[in-house]
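S.K.:
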Ligand SMILES: [Zn+2]
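Residue numbers (my numbering): 13 to 406.
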């Protein structure tokens, strides 16, 4: 096998010579590395990608680009992009030639791609184009076990979509207190991704909740709003509860999210047992008529709404920013935080609604839709809900 050994030896020698040549070339080229070489079809040897957790200058420096090279790249890019505004969600891709020079620098921010390529003469040509967005659809369904959050998370529904789902039904279902084990849920959503696979937007297209306590609720997107299968808008004058799912989940996101709460009815209102500090939302648009201390109610907020309605929120630990007498508040605004001020045995929200001074059973109040669609729009909404239900019953 002498022959083979000789060939192997020759091969190694050739390889060593090649490697030496490459090292020599790269040593040589590293001196030129950061000089633009002109758009004459260089091969790309290496692409470096990442996110802007630091400045563009630091990124380029870490890639070994010298002062003059960094200056030229930054200056060229700054003409069309404010470099101080680059954030970790913005990304870059730098490609280097076999000679180590920058063949292109691409920065992606706000769905725009800024591409720099060297020009003859030492400068860079910048082109800006819209990032290509891909649309996709997804569906999920399941039964409640413990809470909406846990059940949907376990089925792979992204957190943002769970919150959107809760928002869509927030006028008719209180997902904090009215969810029961075995309730069925289903939803279809659309999402758009950029070329890196990052989700840039998502929206629920159809949703169903069928619960022991809530009955069957349906929704489908149409013209920026949501409608049930009869074509009625899901929006109503009152939110189903003063403890709003989205507000609470964002409040507890860094602590512990306890989405199962309870309510009690010891009087003509409702007591919501919730941890101290839980945000309390205005159930309807209105005006603050009282925000202060009132005997056994402790810290109390009273809102006046249209048509003779009034809502009150007692035992608060503190007030929300907009909770000042005379101020307007919007439905869902945080007007205070759960506490146990006044005569209270533990943290809870004392919530009451009155109509022309007479206490109402808020939980039994008739749900009133704020609008309807008819004709082809209604048919489309109904078809979208039917398609979801058919798909998840398989
Ligand atoms: Zn009470």
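All residues carry an ideal CB built from backbone N, CA and C; glycine is no exception.
In this text, all values refer to a predicted model and were calculated from it rather than measured experimentally.
Are there any heavy atoms of ligand 1 lying less than 7 angstroms away from the beta-carbon of residue 371, as far as the coordinates show?
M.R.: Because no heavy atom of ligand 1 lies under 7 angstroms away, the Cβ of residue 371 does not count as near it: no.
S.K.: Which whole runs of the beta strand (DSSP E) in the stretch 77-162 are 3 residues long or more, in chain order?
M.R.: 103-109, 114-121, 124-130, 136-142 and 146-155
S.K.: Quick one: what's got a C-beta closer than 8 angstroms to residue 368's C-beta in the same chain, skipping five residues either side?
M.R.: 320
S.K.: Drop a sphere of 10 angstroms on the beta-carbon of residue 280, count the other beta-carbons inside from all chains shown, and report buried for 16 or more, exposed for fewer.
M.R.: exposed
S.K.: Could you tell me whether the Cβ atoms of residue 196 and residue 224 are closer together than 8 angstroms?
M.R.: no
S.K.: Should residue 217 and residue 232 be called a contact, given that it needs their Cβ atoms to be closer than 8 angstroms?
M.R.: yes
S.K.: Between the C-alpha atoms of residue 299 and residue 358, what's the straight-line distance to the nearest angstrom?
M.R.: 28 angstroms
S.K.: When you get a sec, list the residues whose CB is within less than 5 angstroms of any heavy atom of ligand 1, chain order please.
M.R.: 283 and 362
S.K.: Decide if the stretch 304-312 is in contact with the stretch 244-259; the criterion is three or more beta carbon pairs, one per stretch, under 8 angstroms apart.
M.R.: These segments do not touch.
S.K.: Along the alpha helix (DSSP H) that carries residue 385, what are the first and last residues, could you check?
M.R.: Element bounds for residue 385: n/a, residue is neither H nor E.
S.K.: In this structure, how does DSSP classify residue 353 when only helix, strand and coil are distinguished?
M.R.: coil
S.K.: According to DSSP, which residues form a beta bridge with residue 197?
M.R.: 154 and 221
S.K.: By the 10 Å Cβ neighbour count, where 16 or more other Cβ atoms means buried, how is residue 305 classified, buried or exposed?
M.R.: exposed
S.K.: Out of 219, 277 and 301, which has the shortest C-alpha to C-alpha gap to residue 335?
M.R.: 301
S.K.: Looking only at its chain, what residues have a beta carbon closer than 6 angstroms to the beta carbon of residue 178, apart from the 5 residues adjacent to it on each side?
M.R.: 187 and 257
S.K.: How far does the beta strand (DSSP E) with residue 12 in it reach, from first residue to last?
M.R.: With the chain covering only 13 through 406, there is no way to say anything about residue 12.
S.K.: Please classify residue 350 as buried or exposed, where buried requires at least 16 neighbouring CB atoms within 10 angstroms.
M.R.: buried
S.K.: Determine the burial state of residue 362: buried for a count of at least 16 other Cβ atoms within 10 Å of its Cβ, exposed for fewer.
M.R.: Answer is buried; the Cβ neighbour count reaches 16.
S.K.: Considering only the alpha carbon of each residue, which of 172, 64, 345 and 318 lies closest to residue 120?
M.R.: 64
S.K.: Give me the Cα-Cα distance between residue 412 and residue 139, rounded to the nearest whole angstrom.
M.R.: The first residue shown for the chain is 13 and the last is 406, placing residue 412 beyond what the model contains.
S.K.: Tell me whether residue 176 is buried or exposed, calling it buried when 16 or more other Cβ atoms sit within 10 Å of its Cβ.
M.R.: buried
S.K.: Which word fits residue 278, buried or exposed, when buried means at least 16 other C-beta atoms lie within 10 angstroms of its C-beta?
M.R.: exposed
S.K.: Return yes when the Cβ of residue 329 is within less than 8 angstroms of the Cβ of residue 288, no when it is not.
M.R.: yes
S.K.: Which first and last residues belong to the alpha helix (DSSP H) in which residue 69 is found?
M.R.: 68-74
S.K.: Does DSSP classify residue 367 as helix, strand or coil?
M.R.: strand
S.K.: Apart from the five residues on each side of it in sequence, which residues of its chain come closer than 6 angstroms, Cβ to Cβ, to residue 58?
M.R.: 108
S.K.: Which word fits residue 244, buried or exposed, when buried means at least 16 other C-beta atoms lie within 10 angstroms of its C-beta?
M.R.: buried
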